[in-house]
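Each remark here refers to the structure printed beneath this line.
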Amino acid sequence: MTTLRCSSCDAVPATGDALACAQCGELLAFVLQTDRFDAHEVEANARVRRASLEPRDRSGVWRFRELLPPVAPEAITTLREGDVPLIDAPRGAAYAGVDGLAYLHLGVNPTASFKDAGMTVAISHARERGARVAVCASTGNTAASMAAYAARAGMAAVVIAPVEAISAAKVAQTLDYGAHVVGVAGDFDDALRAVRALDPATIAVVNSVNPYRIEGQKTAALVLLELRGWIAPDWVVLPGGNLGNASALGKGFREARAIGLTLRTPRLAVVQAAGAAPFARAWRNDAELVPVRAETDATAIRIGAPASWKKARAEVRASGGTVLDVSDAEIAEARAVIGRDGVGCEPASAASLAGLRRLVADGSVARDADVVCVLTGHVLKDTAYAARYHASAASHANAIVRGVELGEYLEALLLTHA
Ligand SMILES: *Cc1c(COP(=O)(O)O)cnc(C)c1O
Ligand SMILES: [Zn+2]
């Protein structure tokens, strides 16, 4: 009920492992025959499976398996990913200037980023076809996710990454799962270019150019709708790096509406960091994307030549959404505000709230809008960044207190919390 096609010229690839169209070079994408599904059945299946004890039923990805490319049950490699919370965000809402805001926290996944939802499908498929080695270029989270799922599947994992430029916590996590970490000169874009040149027939390339990744990640849209009783919010705001996730969420919402699971789709707002914003610029100029040399402290989105920009543009356009960029200072402040909601995320994730604040300020998002910000990674993914922020003079910095008399300190605290 789903077929692999070129996302641009519609050609059908000759092999199931290709990552690009042999005719035109563009990325491949699965096309779901949405008219073959009954919304009540999809919804009822998901509801029953949520209460099941079978691992693939409990996964927020695999409980929607009929909407995914078929994978043999014995090849499915799951860590119960995808079943993430939607958390009310009162401080974030006040900060952005909207009445209603919630965080879809994709950092609450087995390896603490949304990459797991895609990785479970990509690695399961690779396992089914007998691949022995998985490879990715990474800014950190893809590496950790691939390493964990490859370990579960009994496959070797090889990460190609500019290791000095990514969070030490992510590198350590990846080493823990037993991956081979190959440090390379240059940046993520150079590493991805090298990986895309590999032969996918012998090596499973699991970056988001792999269409199986996108299929897994689209289920975040289904989980979000499920958590809201199948009623879409007005806006979904998310960070954009390589733009696989924006493509995936857009696809998920579109398919959900086509099947009849929801009556409407949300507008998508994709937020980039100002130093890594080729997509935001292309959007503003209504022009083709011109790659840049990326620079931002939000290392998960330090990407200058996003592979999935055309897919993402199509999804943002179809949703009636927008694309913008925010400064590193705005990201840092928004991240601290998210922390005050008791949630916490890594820097790239906070581009969502920083972007929403901008969109409310310029009138693009109404104050009474119903908004969901997607948090893509967990706060513990980059504690060095958080520590630096709180030791700084930034507006929401929370410095460690030293040299006080405890009794007096608590007394003063009681007065201010009377
Ligand atoms: C990968 C990642 C992103 C960027 O997602 P793309 O699909 O590359 O646009 C954003 N935030 C975090 C935490 C990530 O790991
Ligand atoms: Zn093509």
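No gaps in the numbering here: position 293 of the sequence shown is 298 in our numbering, and each next residue is one more.
We put the beta carbon where it would ideally sit given N, CA and C, even for glycine.
Buried or exposed by the 16-neighbour rule on C-beta atoms within 10 Å, applied to residue i
i: Asp15; result: exposed
i: Arg298; result: exposed
i: Thr388; result: exposed
i: Ile405; result: exposed
i: Asp373; result: exposed
i: His130; result: buried
i: Ile306; result: buried
i: Val164; result: buried
i: Val328; result: buried
i: Thr179; result: buried
i: Ile308; result: buried
i: Ala303; result: buried
i: Ser400; result: exposed
i: Tyr390; result: buried
i: Asn212; result: buried
i: Ser424; result: Since the first residue of the chain shown is 6 and the last is 423, residue 424 is not available in this structure.
Distance cut-off 7 Å: residue i Cβ against heavy atoms of ligand 1
i: Ala152; result: no
i: Gly246; result: yes
i: Glu335; result: no
i: Thr388; result: no
i: Asn215; result: no
i: Ser129; result: no
i: Ile306; result: yes
i: Lys120; result: yes
i: Ser354; result: yes
i: Ala251; result: yes
i: Gly382; result: yes
i: Asn114; result: no
i: Glu351; result: yes
i: Asn290; result: no
i: Asn403; result: no
i: Asn146; result: yes
Rounded distance between the beta-carbons of residue j and residue i, thought under 8 Å
i: Thr147; j: Lys120; result: 5 Å
i: Val276; j: Val331; result: 6 Å
i: Tyr394; j: Ala337; result: 6 Å
i: Lys316; j: Ala34; result: 7 Å
i: Leu361; j: Cys350; result: Contact flag wrong, Cβ pair sits at about 14 Å.
i: Gly245; j: Phe284; result: 6 Å
i: Val384; j: Gly344; result: 7 Å
i: Ala155; j: Ala161; result: 7 Å
i: Val187; j: Val176; result: With a Cβ gap of about 12 Å, Val187 and Val176 do not count as contacting.
i: Val365; j: Ala101; result: 5 Å
i: Leu37; j: Thr7; result: 5 Å
i: Ala122; j: Ala225; result: 6 Å
i: Ala184; j: Ala209; result: Their Cβ separation, rounded to whole angstroms, is 13 Å, which puts Ala184 and Ala209 out of contact at 8 Å.
Heavy atom of ligand 4 within 7 Å of residue i beta-carbon
i: Lys223; result: Questions concerning ligand 4 fall outside what the structure shown contains, since the ligands it does hold are ligand 1 and ligand 2.
Problem - Around ligand 2, Cβ to any heavy atom closer than 6 Å, ordered along the chain - result: Cys11, Ser13, Cys14, Ala16, Cys26, Gln28, Cys29 and Glu31
Practice task
Only counting runs of 4 or more residues, tell me where the alpha helix (DSSP H) segments fall wholly within the stretch 323 to 377, in order along the chain.
Solution key: Here the runs fully enclosed are 333 to 345 and 352 to 366.
Problem - Segments of 4+ residues assigned as alpha helix (DSSP H) that fall wholly inside the stretch 40 to 113 - result: 44 to 55, 60 to 63 and 95 to 101
Handout entry: Those runs of the alpha helix (DSSP H) which lie wholly inside the stretch 381 to 407 and span at least 4 residues
Key = 388 to 395
Practice task
Only counting runs of 4 or more residues, tell me where the alpha helix (DSSP H) segments fall wholly within the stretch 145 to 195, in order along the chain.
Solution key: The qualifying runs are 146 to 158 and 173 to 181.
Handout entry: Completely contained beta strand (DSSP E) runs for the stretch 235 to 278, where each covers 3 or more residues
Key = 240 to 244 and 272 to 278
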